[in-house]
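**Student:** If you count by the working numbering, then the sequence shown holds residues -2 to 146, one letter each, in order.
We treat Cβ as the ideally placed atom computed from N, Cα and C, and that holds for glycine.
None of the values given here were measured: they were computed from a predicted structure.
Got a structure for you, written out below as structure tokens; questions coming shortly.
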Amino acid sequence: MTMTQTITVPVVATLASGLPAGTLVMTLQGEVAVEALMPGDRIISRTMGTAVLRDVAARVADVAMVRILAGSLGHTRPGRDLSVGPDTMIHIRDWRAQALYGKPAALIPARRLVDGEFVALQDHALTTLYTLTFDRPQVVYADGLEICV
-2 MTMTQTITVP VVATLASGLP AGTLVMTLQG EVAVEALMPG DRIISRTMGT AVLRDVAARV
58 ADVAMVRILA GSLGHTRPGR DLSVGPDTMI HIRDWRAQAL YGKPAALIPA RRLVDGEFVA
118 LQDHALTTLY TLTFDRPQVV YADGLEICV
């Protein structure tokens, strides 16, 4: 079992994804704050039902987070106001996927959903972002929102 490691990195597009502390991730034991997750935890996954968490990494970055108001991406999606890194991939299954990609469902970077009202870009700030690693990419539930990790 490995411990969560924190590193400071400059902002680059590939590193501007992740979940801030306090984000609740759905596990077999219920919702758990992302910073409390440990390798070996079983995470509820849209892709596989459950998936074994292999690693949790934390890094500090100066990034403009994307704030998504509760219910703005569907009924209880997310279940409460949520901030994510701008390159965090969100699984969308509504008119937005059709409008942006011509498909009924799509993985969309959070920054593409910014409308300035319900989904807004915040000011740059030092933020600890947590990333989850599995054996293969998964769609997990973070505060009720489907996030690809």
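For Met86 versus Leu97, is the C-beta distance shorter than 7 Å?
**Tutor:** no
**Student:** Three or more C-beta pairs closer than 8 Å, one from the region 99 to 119 and one from the region 40 to 55: is that the case here?
**Tutor:** no
**Student:** Gly82 and Arg74 look like a contact to me (Cβ under 8 Å); what is the Cβ gap, rounded to whole Å?
**Tutor:** At roughly 18 Å, the Cβ-Cβ gap does not stay under 8 Å, so Gly82 and Arg74 are not in contact.
**Student:** For Ile144 and Val137, what's the separation of their Cα atoms in angstroms?
**Tutor:** 5 Å
**Student:** Output yes or no for whether 7 Å exceeds the beta carbon distance between Leu50 and Asp140.
**Tutor:** In this structure, Asp140 does not lie closer than 7 Å to Leu50 by Cβ.
**Student:** Is the beta carbon of Val57 less than 7 Å from the beta carbon of Leu34?
**Tutor:** no
**Student:** Suppose only complete runs of 4+ residues qualify. What are the alpha helix (DSSP H) ranges in the region 35 to 112, listed by chain order?
**Tutor:** 92 to 98
**Student:** Quick one, which of Leu16, Thr24, Gly46, Leu70 has its alpha-carbon nearest Ala102's?
**Tutor:** Here the closest residue by C-alpha is Leu70.
**Student:** Helix, strand or coil for Ala33? Go by DSSP, reduced to three states.
**Tutor:** Correct three-state label for Ala33: helix.
**Student:** What are the residues that DSSP puts in a beta bridge with Val146?
**Tutor:** Residue pairing of Val146 in beta bridges, as defined by DSSP: absent, with no partner found.
**Student:** For Gly159, which beta-bridge partners are listed by DSSP?
**Tutor:** Residue numbering for the chain in the displayed model covers -2 to 146; residue 159 lies beyond these limits and cannot be assessed.
**Student:** Expressed to the nearest angstrom, what Euclidean distance is found between the alpha-carbon atoms of Phe115 and Gln135?
**Tutor:** 26 Å
**Student:** Cutting at 6 Å between CB atoms, please list the residues of its own chain near Ala13, excluding the five before and the five after it.
**Tutor:** Val60, Gly82, Pro83, Asp84
**Student:** Counting only beta-carbon separations shorter than 7 Å, does Ala139 have a partner in chain C?
**Tutor:** Any reference to chain C falls outside this structure, which holds one protein chain only.
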